[in-house]
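Working notes, beginning with the structure itself.
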Amino acid sequence: AMTGLIEGIEKFDSPGKGRGLRVTKAFKVGELLFSSPPYSYVLSIEERGNYCEFCFTRRKEGLARCGKCKKAFYCNAKCQKGDWAMHKLECSAMNAFGENWCPSDTTRLVARILAKKKMMKERCVSEKMLLIEELQSHLEDEDNEKRERTDTDIAALHRFYPKHLELPDHKDLLTLYSQVACNGFTIEDDELSHIGTAVYPDVALINHSCLPSVIVTYNGTSAEVRAVQDMKPGDEVLISYIDLLYPTDDRNNRLRECYYFTCDCLECKTKSKDKAKLKIRKQRDPVEPHVVNNMIRYARNTVREFRALKHVKIAPPSELLDMCEQSLEKMGAVFDDFNVYMLHMMYQAMGVCIYMQDADGAIRYGEKILKPYSKLYPPYSLNVSSMYLKMGRIYINMDRNSEGISALKKAMAIMEVAHGKNHPFLKDLRKEIGQK
Ligand SMILES: [Zn+2]
Ligand SMILES: [Zn+2]
Ligand SMILES: [Zn+2]
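Residues in the sequence shown are numbered consecutively from 36, following the working numbering.
Next comes the structure, spelled out in structure tokens:
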């Protein structure tokens, strides 16, 4: 085993998994294992103006704007100066291309990684245990569809980033895109809205489990790794790469599709939660297995179709809501309200209601989701805390203060472990509760 450079953590060869991290001392639930600044990061295009591009502080009045492109916003001149080495990759190109400037966030991140590689010759603070070059790539495993998407991204990289970057050859770019696809992190806010994309080489060493021992949260642009189970020396550090709501087959389909492996954790072996996750509605006559299987097939198709429809962005919200309601009615003939496919569509319906500012609709779905969520997700899940936050804030907007505060406090109990008691989100939350 190699000696790590972070106290209490070391890199090791995890049986059957390749590289991994393990602890060399005990950690208690809620304790910080380590934090890591990003090697590179980028604020998502949709969030421009809502956050400082440099430090990801949420928008306050008077966020200063880049005078050249008028598109990038900062807390102050210091943040603007700090971001210039990266922002200059885009500033003049955005002016030159105007409306036609449209690289994906992945391409924007790749451009920043290339610029940083050129700038930084020595090991970076985010590379204490793993260098950016050493990130796992799965180039050989990618299918044609994925390859074509990367080729499109690379074309955009050549088109929109010509001046300051000396781009490596096509093969090296394909490798870099594959590394970013398997090792990139999505920076999310307290309600799990996507803020940006980043790479943290040291954090990328952490392997997956459906029974994770740690959780990653973000403080500004830094990643923080905290224990959600008590850990003893020698325990592997394990995070979940995926949404843990779904049954074993779905989780592993997702892992194979995105990360090219199958999980062999205890939950994947015992499938102990699958029955509760696929709960059937109580009926006088037992439901035939083929009826259940057909409904599962229908549910998976609906999840896929809904995602595609939402992605096109031209579908009117009422159409999305209709699709949720119709599928819930159809599935409800066989599935219980605790069934994860029902929950998936209720969650989507709640999102559409929030978008349409239909508080009553959002609350109606949310109230059905909360209890099964708390039961089906592991303890200290961000999916659960973000649901409590959304609900609490909607209640308070409706002047249902006691229900609101109660929900916010439930979110807080989870976040104190996942984010740590001093995280800015918790300071804001205490203010929110105190004001009521
Ligand atoms: Zn800032
Ligand atoms: Zn600019
Ligand atoms: Zn698993």
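Positions of the beta carbon are idealized from the N, C-alpha and C atoms, including for glycine.
The region 52-66 and the region 255-270 touch, with no fewer than 3 CB-CB distances between them shorter than 8 angstroms. In the pairwise beta carbon analysis, the region 91-110 is classified as not touching the region 173-191: fewer than three pairs are separated by under 8 angstroms. Taking F62 as the centre and dropping the five residues before and after it, the same chain places the C-beta of G43, L68, A262, D265, M266 closer than 8 angstroms to its C-beta, in chain order. G231 is a Cβ neighbour of L78, given a cutoff of 8 angstroms. Rounded to whole angstroms, the gap between the alpha carbons of G133 and Y196 is 14 angstroms.
In terms of side-chain proximity, the C-beta atom of C293 is found no nearer than 7 angstroms to any non-hydrogen atom of ligand 3. When the beta-carbon positions are compared, A453 and L417 come within less than 8 angstroms of each other.
Under DSSP, I468 shares a beta bridge with no residue. The residues D225, E226, L227, in chain order, have a CB closer than 7 angstroms to that of S421 in the same chain once the five nearest residues on each side in sequence are set aside.
Ranking M164, D188, E125 by CA distance to the CA of A150 puts E125 first. Runs of the beta strand (DSSP E) lying entirely within the region 64-126, each at least 3 residues long, are 67-71, 75-78 in chain order. Between the region 357-373 and the region 276-287 there are fewer than three C-beta pairs closer than 8 angstroms, too few to call the two in contact.
Contact between E169 and H122 is absent: CB atoms are separated by about 28 angstroms, not below the 8 angstroms threshold.
At least one heavy atom of ligand 1 is found less than 7 angstroms from the C-beta of C110.
In the structure shown, the three-state DSSP call for Y212 is helix. Only residues of its own chain outside the window of five on either side were considered, and among them C110 have a CB closer than 6 angstroms to the CB of T92, listed in chain order. When the Cα atoms are used, M385 and G401 turn out to be separated by approximately 7 angstroms. In this chain, V387 is not harboured by any beta strand (DSSP E); it is covered by the alpha helix (DSSP H) spanning 375-390. For K103, the Cβ falls inside the 7 angstroms cut-off from some heavy atom of ligand 2. Rounded to the nearest angstrom, the gap between the Cα atoms of P236 and D284 is 29 angstroms. Taking non-hydrogen atoms of ligand 3 into account, the C-beta of R286 is found less than 7 angstroms away from one of them. Per DSSP, M154 has no beta bridge partner at all.
Here Y74 is buried: its Cβ has 16 or more other Cβ atoms, across all protein chains shown, within 10 Å. In terms of Cβ geometry, I429 and A397 form a close pair [threshold 8 angstroms].
Between Q171 and C217, the beta carbon gap of about 6 angstroms places them in contact (Cβ cut-off 8 angstroms). DSSP, reduced to helix, strand and coil, places V251 within a strand of the structure shown.
Assigned with DSSP and collapsed to three states, D372 falls in coil, not helix or strand. Taking the C-beta atoms as reference points, A190 is found no nearer than 8 angstroms to S139. Between L273 and M164, the C-beta gap is not smaller than 8 angstroms, which leaves the two residues out of contact. In the displayed model, S228 falls within coil according to three-state DSSP, outside both helix and strand.
In the displayed model, E201 falls within coil according to three-state DSSP, outside both helix and strand.
Short of 6 angstroms from the beta carbon of K52, and not among the five residues preceding or following it, lie these beta carbons of its own chain, in chain order: N242.
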